[in-house]
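No gaps in the numbering here: position 13 of the sequence shown is 13 in full-length UniProt numbering, and each next residue is one more. Ideal Cβ placement from N, Cα and C applies to all residues, glycine included. Note that the structure is a prediction, hence the values are computed from the model and not measured. Let me begin by presenting the structure, written as structure tokens, before commenting on it.
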Amino acid sequence: MDVEVGRFMEMNMKNDDELDPFAGLFDDKQKKILEIIQHLENPDQSQDSLVDLLQTLADMDMTFEALKDTGIGRHVSSLRKHSSDDVRRLVKQLVRKWREIVDEWLRLNPQEEQASSSLTADGNSPQQKISRNQVPDIATLQSLDHRG
């Protein structure tokens, strides 16, 4: 692992007894993923550091919940067209692996559980829940169109 990344993670582990920046909202795995996201967002990150970060993600035992709660997939996907062959290769591996995790979760969970995802028109609107098996009410769709 890149020395810079290793030091950052080590410092954060030492400070775990102090103030938790995520206020107990995430488990240890999710906190580690969020720390990796912070590094991935750094435009000055070296190619070697990116490879190390992506390899760390590849070595993790990822869950559907961790993928969903952290949004790591969006951050990793943003590196699909990186100039480094190694970075692109790792991104492809991760996306493929994570798609399998999501597909497995979808296969194991009934449609009713999946319907809990919601559609929000804007930040001020109440959430509108539409199940995959249900045709949305036309009035609901029209009200969503006219709020913007």
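Item                                                                                               : Value
C-alpha gap between R80 and L54, whole angstroms                                                   : 12 Å
Cβ neighbour criterion (16 or more within 10 Å) applied to A58                                     : exposed
Closest by C-alpha distance to A66, when choosing among P110, Q111, I37, D48                       : I37
G73 - containing alpha helix (DSSP H), residue span                                                : 72-77
Cα-Cα separation between T63 and I101, rounded to whole angstroms                                  : 7 Å
Counted within 10 angstroms of its Cβ, other Cβ atoms place L108 as buried (16 or more) or exposed : exposed
As assigned by DSSP and simplified to three states, the class of K92                               : helix
Beta-carbon proximity of V76 to V51, cut-off 8 Å                                                   : no
Start and end residues, alpha helix (DSSP H) containing E35                                        : 28-40
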